[in-house]
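Asks:
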Amino acid sequence: MSAILRREFATYFRAPLGYIYLAIFYFFGGQFFSSVLYSMTNDISIIFSSMFSIMLFTIPLLTMRLMSEDKRLKTDQALLTAPVSLNGIVWGKFLAAFALFGIGIAITVIYFLILSAMASPQWNIFFGNLLGIILLGAALISIGMFISSLTESQMIAAIGGFAAMFFVFLIDSIASLIPISWLGDAIKQLSFTTRYNDFTSGILDFTHILFFLSVVVIFNFLTVRILERKRWS
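In case it helps, my numbering puts the sequence shown at residues 86 to 318.
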């Protein structure tokens with residue numbers, strides 16, 4: 086798994102993709118940070134809550150090539166017959182994308198330190214927000230990687246990833262439109278937005294942590310099943 090992780094992580098920086106992702110993430114993060122400075126507040130949760138919408142566009146950039154590129158280059162069979170488990174392949178690729186995502190959100194530590202110099206630091210709010218965005222990012226990466234495993238086109242994987250992220254964003258709205266109350270309530274339990282907003286509000290709920298971790302495990306498991314079917318086809 087470590088070999089897959091290193092290879093995939095290095096690939097991000099052999100091409101412009103990794104730099105483009107970080108540039109976009111840092112640019113919008115800087116815009117959100119500037120708005121906080123202009124408002125003369127040390128509430129960093131404003132930055133984290135705004136980053137949700139940016140992640141809908143940037144996460145598909147991270148995941149679009151994870152599986153589809155091997156299919157396009159016809160190197161997937163060599164990978165599948167390599168002396169590494171399917172779980173190792175999937176989790177190695179997942180961790181490579183997650184590592185780059187982690188580099189992106191690390192800038193929030195600098196933002197927090199700057200805000201802390203202006204007023205009393207709100208450590209509990211910061212760590213709650215940081216945990217929330219880490220869990221949300223991991224869940225979205227696992228979904229995007231699963232979609233990438235379904236096609237050999239990076240463009241289709243990116244568009245499919247964006248559609249999936251947008252659907253995740255709209256779950257609350259969809260649930261509110263359903264006239265059957267119990268069904269609407271059931272769909273609302275799948276809400277990413279509500280759970281993430283709780284983190285940005287400083288609410289640390291173990292069920293939210295378990296939810297995002299479950300999404301990661303489920304979609305990585307589904308990706309393994311896709312590879313397993315490919316191996317024996």
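We treat Cβ as the ideally placed atom computed from N, Cα and C, and that holds for glycine.
1) With burial defined as no fewer than 16 other Cβ atoms inside 10 Å of the residue's Cβ, what is the status of Val194: buried or exposed?
2) Measuring straight from C-alpha to C-alpha, what distance separates Ser205 and Ser87?
3) Which one of Ser276, Leu275, Lys178 and Ile188 has the shortest CA to CA distance from Leu151?
4) Please classify Gln239: is it buried, with 16 or more other beta-carbons within 10 angstroms of its beta-carbon, or exposed?
5) For my contact list, Gly287 and Asn209 are in at a C-beta cut-off of 8 Å; report their separation, rounded to the angstrom.
6) Locate the alpha helix (DSSP H) running through Thr278, then write down its first and last residues.
7) For the alpha helix (DSSP H) containing Thr143, list its first residue and its last residue.
8) Report the residue ranges of all alpha helix (DSSP H) runs contained in full by the region 195 to 276; include only those spanning at least 4 residues, in chain order.
9) Along the alpha helix (DSSP H) that carries Ala95, what are the first and last residues, could you check?
10) Kindly confirm or deny that the region 180 to 198 and the region 272 to 289 touch, where touching means at least three C-beta pairs closer than 8 Å.
11) Determine the direct distance from the alpha carbon of Ala100 to that of Ser124, and round the result to whole angstroms.
12) How many Å lie between Ile303 and Tyr111 at the Cα?
13) I'd like to know whether the C-beta atoms of Val300 and Ser233 end up nearer to each other than 9 Å.
14) Please name the residue in Leu180, Phe118 and Val121 whose C-alpha comes closest to that of Glu93.
15) My output table needs one value for Leu151: the three-state DSSP class, helix, strand or coil.
16) Near Phe254, which residues of its chain fall below 8 Å by C-beta distance, leaving aside the five closest residues on each side in sequence?
17) Under 8 Å by Cβ, that's how I've got Thr236 and Ser153 pegged, so tell me the actual separation to the nearest angstrom.
Replies: By the coordinates alone:
1) Taking a 10 Å sphere around the C-beta of Val194, we find fewer than 16 other C-beta atoms and assign the residue as exposed.
2) Taking the CA atoms as reference points, Ser205 sits about 41 Å from Ser87.
3) Among Ser276, Leu275, Lys178 and Ile188, the Cα nearest to that of Leu151 is on Lys178.
4) Burial state of Gln239 is buried, judged by a 10 Å Cβ sphere holding 16 or more other Cβ atoms.
5) Right, the Cβ-Cβ distance comes to about 6 Å (below 8 Å), so this counts as a contact.
6) Where Thr278 is concerned, the enclosing alpha helix (DSSP H) stretches over Phe277 to Thr285.
7) Segment Ser130 to Thr148, the alpha helix (DSSP H) holding Thr143.
8) Within the region 195 to 276, the complete alpha helix (DSSP H) runs of at least 4 residues are 208 to 233, 239 to 262 and 266 to 273.
9) For Ala95, the enclosing alpha helix (DSSP H) has its first and last residue at Ser87 to Arg99.
10) With the rule of 3 Cβ pairs closer than 8 Å, the region 180 to 198 does not count as touching the region 272 to 289.
11) Those two C-alpha atoms are separated by around 38 Å.
12) The alpha-carbon atoms of Ile303 and Tyr111 are separated by roughly 30 Å.
13) No, the Cβ-Cβ distance between Val300 and Ser233 is not below 9 Å.
14) Among Leu180, Phe118 and Val121, the Cα nearest to that of Glu93 is on Leu180.
15) Reduced to three states, the DSSP call for Leu151 is coil.
16) Closer than 8 Å at the Cβ level, and outside the excluded window around Phe254, lie Phe137, Ser138, Leu141, Phe277 and Thr278.
17) Thr236 to Ser153, Cβ: 5 Å. Contact.
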